[in-house]
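Residue numbers (our numbering): 139 to 274.
Ideal Cβ placement from N, Cα and C applies to all residues, glycine included.
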C-alpha cells in the first residue's frame, strides 16, 4: 500500500495551476485538493471521473408546527425511493454520471432497505421552537 505522496506529480500539478490565467492560488482549497490527489494518484493528470451525491435523510422536529408541505412520514418514503434509485435526484444524477448514496442519519422510523446506509444519530430532531433541536 502506498503511504507517501508523489512530490513530483504534486509539483507538476501546482505548476499547471500557476500557469492558468488567474491570480495565484485564487481557487483556494480546490487547487490544494487537486494537487493532493495528484500526489496520491502519482500523476499530475488528475481525472475525477467517479462522482457521488451523498443524500443525508432525517426528520425535523419543527414539522409539527405545520411549516412544511408534508409530514415526517414522507421522509421514509423519499429515502426509500432515493435508496432504490427511483427518485428525482437519481434521475438527475444519472444525467451527470453520478452515483447517489442515501444515508439515514435521523429518520423518525426504521426503513427496511439494504441500499439505505444506516448511520442514525437519533429518531429525528426536537422541535426547535421550544428547545435545542439536537443538543441533549
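| Asked | Found |
| --- | --- |
| Have a look at residue 153 and residue 179 and give me their C-alpha separation to the nearest angstrom. | 17 Å |
| How many angstroms separate the CA atom of residue 264 from the CA atom of residue 205? | 14 Å |
| Decide if residue 159 is buried, meaning its Cβ has at least 16 other Cβ atoms within 10 Å, or exposed. | exposed |
| Could you tell me whether the Cβ atoms of residue 196 and residue 220 are closer together than 9 Å? | no |
| With burial defined as no fewer than 16 other Cβ atoms inside 10 Å of the residue's Cβ, what is the status of residue 194: buried or exposed? | exposed |
| List the DSSP bridge partners of residue 244. | 196 |
| Between residue 245 and residue 217, which are expected to be in contact by the criterion C-beta below 8 Å, what is the C-beta distance as a whole number of angstroms? | 6 Å |
| I need the DSSP call for residue 269, collapsed to helix, strand or coil. | coil |
| Below 7 Å CB to CB, which residues in the same chain sit around residue 271 once its five sequence neighbours on both sides are set aside? | 199, 263, 264 |
| Out of curiosity, what's the CA-to-CA distance linking residue 143 and residue 168? | 17 Å |
| Under the rule that 16 or more other beta-carbon atoms within 10 Å means buried, what is residue 141, buried or exposed? | exposed |
| Rounded to a whole number of angstroms, what is the C-alpha to C-alpha distance between residue 235 and residue 188? | 8 Å |
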